[in-house]
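This report refers to the structure that appears directly beneath it.
Residue numbers (the numbering used here): 8 to 505.
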């Protein structure tokens, strides 16, 4: 039996999912790893730990499929999705000079603030589609140029974690156009490195990897690493794209009016367009999937990480099992929509779209004597969705109405959170059995790269969703009133965050 593995290198862990040629899941593995926080505003990961997780996840998935099929299976290829905005400085010998500085890192806030809303910043945003924010490798390089000049000058290349994986496996520096388009350094119209952005970062194009399409693949990997994974050395490894873009592809969100909402550690809402589109107020991103398909949307910093924070802070004895989170959800389900007047601004790690305010903070508002723990849990769930909804309303300004939402990511396992999403947006929410859409998107790139389908969209799953959550008009009215208060509250307190 032929099969393909889709690998998603995420912030909290790496997933490897095995799909048969028809897209059915045969098996999966998930390896977690820590986020390092050496000082306030610094968030990093060890690239070697991430690389080992990729090798281990692929290897264990291969073993699982072999056990299931009695070693009669054949691996056709491996495709990759990965988180955006990370950057590693590398020396000429291919040794990291830094950890991977990830998207949550805000050390470049000062650089971003000075560039944002200037003519140069506006011009770079329009060319690259990446809002000016400390998450962006452009800003991180600008920060590094001033604060780590020795590293900035000594680095041979600046790369992302996926590029590090391909370097270790094949000895080549290549970057897919999708990840490149999220660096703030790549011209999404010309599909090459943008000279003005490079100058702002203090580097030349030869210090970055070679941009390639998402269906580009390499063969002939390091034989020791191939043996470690239990795969043949000549198995094609398809570079794939970014997690956000591939989640749209994997969830079949390629038509006008459809939006994908992903909530894992962070969150995002995205739509697909046949051309790049930037926002006059620079509130949203425009990333490349392929030369014919572009993904528009906005990422919010605070998704599942907020619920994790609440549980760890106020119920640490419950542990981190699924049952602990299920208990919180069951308690929240007993509270009416709107949390009886309790509002939560979810900006525990600052915010990206639509505010792009790295200094934003979290806040509970409207606390009264009748509020209990369950109210706070529900307010957390609602606050995260309000953050996504604020981006969704901007997207509708740019692209027109959203008629359907496709949910994926960890939150799609929660019926309560999905219902809140449907009620806030007043739109039906579609859920598929396989909610790991980014890994499925990586699988689709392999099918296309190996000429198993004529186009990416031909591979998309046209079968009906496994579940459709319908909105409640009554709850939507409650949420509309609360959302308007949510927006006003942010506007009133945003100047105090500094």
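Note that the Cβ used here is the ideal one computed from N, Cα and C, for glycine as well. Since the model is a prediction, treat every value here as computed from it, not as a measurement.
On a Cα-Cα basis, can you pick out the residue from the options that is closest to residue i?
i: residue 15; options: 65, 43, 45, 163; result: 65
i: residue 480; options: 489, 471, 432; result: 432
i: residue 213; options: 311, 177, 246, 97; result: 97
i: residue 343; options: 190, 505, 11, 382; result: 382
i: residue 539; options: 79, 105, 76; result: No answer is possible for residue 539: the residues shown for the chain start at 8 and end at 505.
i: residue 197; options: 108, 299, 387; result: 299
i: residue 63; options: 264, 333, 238; result: 238
i: residue 229; options: 330, 437, 54, 241; result: 241
i: residue 399; options: 92, 286, 79, 99; result: 286
i: residue 102; options: 503, 439, 172, 426; result: 172
i: residue 304; options: 267, 324, 201; result: 267
i: residue 419; options: 219, 436, 92; result: 436
i: residue 386; options: 397, 396, 352, 302; result: 352
i: residue 405; options: 302, 322, 453, 456; result: 302
i: residue 55; options: 356, 176, 224; result: 176
i: residue 257; options: 453, 475, 324, 161; result: 453
i: residue 111; options: 122, 47, 216; result: 47
i: residue 227; options: 77, 178, 415; result: 178
i: residue 233; options: 61, 36, 412; result: 61
i: residue 411; options: 362, 475, 200; result: 475
i: residue 151; options: 107, 225, 216; result: 107
i: residue 345; options: 482, 77, 201, 379; result: 482
i: residue 215; options: 76, 200, 223; result: 200
The beta strand (DSSP E) with residue i in it runs from where to where?
i: residue 307; result: 301-307
i: residue 35; result: 32-39
i: residue 25; result: 20-27
i: residue 218; result: 217-219
i: residue 277; result: 274-280
i: residue 415; result: 411-415
i: residue 371; result: 369-372
i: residue 269; result: 265-270
i: residue 422; result: Run containing residue 422: none in the beta strand (DSSP E); it sits in the alpha helix (DSSP H), 422-432.
i: residue 474; result: 474-476
i: residue 209; result: That residue, residue 209, is in no beta strand (DSSP E); it is neither H nor E in DSSP.
Which whole-angstrom value describes the C-beta separation of residue i and residue j, a residue pair presumed to lie in contact below a C-beta threshold of 8 Å?
i: residue 21; j: residue 38; result: 5 Å
i: residue 295; j: residue 130; result: Going by Cβ atoms, the distance from residue 295 to residue 130 rounds to 19 Å, so no, they are not a contact pair.
i: residue 493; j: residue 314; result: Not confirmed; about 18 Å, so no contact.
i: residue 17; j: residue 26; result: Residue 17 to residue 26, Cβ: 18 Å. No contact.
i: residue 6; j: residue 149; result: The question about residue 6 has no answer here: the residues shown for the chain are numbered 8 through 505.
i: residue 141; j: residue 116; result: 5 Å
i: residue 429; j: residue 388; result: Rounded, the Cβ-Cβ distance is 13 Å, inconsistent with contact.
i: residue 260; j: residue 85; result: About 24 Å; that fails the 8 Å criterion.
i: residue 320; j: residue 88; result: Not a contact, Cβ separation roughly 31 Å.
i: residue 317; j: residue 384; result: 7 Å
i: residue 170; j: residue 180; result: 6 Å
i: residue 68; j: residue 134; result: Incorrect: roughly 39 Å between the Cβ atoms, too far for contact.
i: residue 438; j: residue 472; result: 6 Å
i: residue 427; j: residue 274; result: The Cβ separation is near 13 Å, so there is no contact.
i: residue 92; j: residue 143; result: 6 Å
i: residue 445; j: residue 243; result: Wrong, their Cβ atoms sit about 19 Å apart, outside the cutoff.
i: residue 168; j: residue 57; result: 5 Å
i: residue 512; j: residue 211; result: One cannot answer for residue 512 here, as it falls past the ends of the chain, which runs 8 to 505.
How about residue i and residue j: are their beta carbons less than 8 Å apart?
i: residue 145; j: residue 291; result: no
i: residue 394; j: residue 485; result: no
i: residue 367; j: residue 459; result: no
i: residue 276; j: residue 311; result: no
i: residue 30; j: residue 72; result: no
i: residue 448; j: residue 254; result: yes
i: residue 283; j: residue 139; result: no
i: residue 348; j: residue 373; result: yes
i: residue 113; j: residue 365; result: yes
i: residue 9; j: residue 81; result: yes
i: residue 166; j: residue 95; result: yes
i: residue 221; j: residue 247; result: yes
i: residue 191; j: residue 293; result: no
i: residue 11; j: residue 396; result: no
i: residue 159; j: residue 209; result: yes
i: residue 109; j: residue 51; result: yes
i: residue 309; j: residue 356; result: yes
i: residue 325; j: residue 334; result: yes
i: residue 329; j: residue 207; result: no
i: residue 423; j: residue 339; result: yes
Just reading off the alpha helix (DSSP H) that residue i is part of, what are its end residues?
i: residue 488; result: 480-500
i: residue 322; result: Note, residue 322: premise wrong, no alpha helix (DSSP H); not H, not E.
i: residue 388; result: 380-406
i: residue 454; result: 444-456
i: residue 418; result: Unbroken run through residue 418: none, as it is neither H nor E.
### Task
Can you check the segment 227-255 for any beta strand (DSSP E) of at least 3 residues that lies completely inside it and give the ranges in chain order?
Those beta strand (DSSP E) runs which fall completely within the segment 227-255 and span 3+ residues are 244-249.
### Task
Could you name each continuous alpha helix (DSSP H) segment of 4 residues or more that falls completely within the segment 48-106, going from the start of the chain to the end?
The DSSP assignment places complete alpha helix (DSSP H) segments of no fewer than 4 residues inside the segment 48-106 at 54-76, in order along the chain.
### Query
Which runs of the beta strand (DSSP E) fall wholly inside the segment 122-201 and span at least 3 residues, in chain order?
Taken in chain order, the unbroken stretches of beta strand (DSSP E) that lie wholly in the segment 122-201 and span 3 residues or more are 164-166, 181-183.
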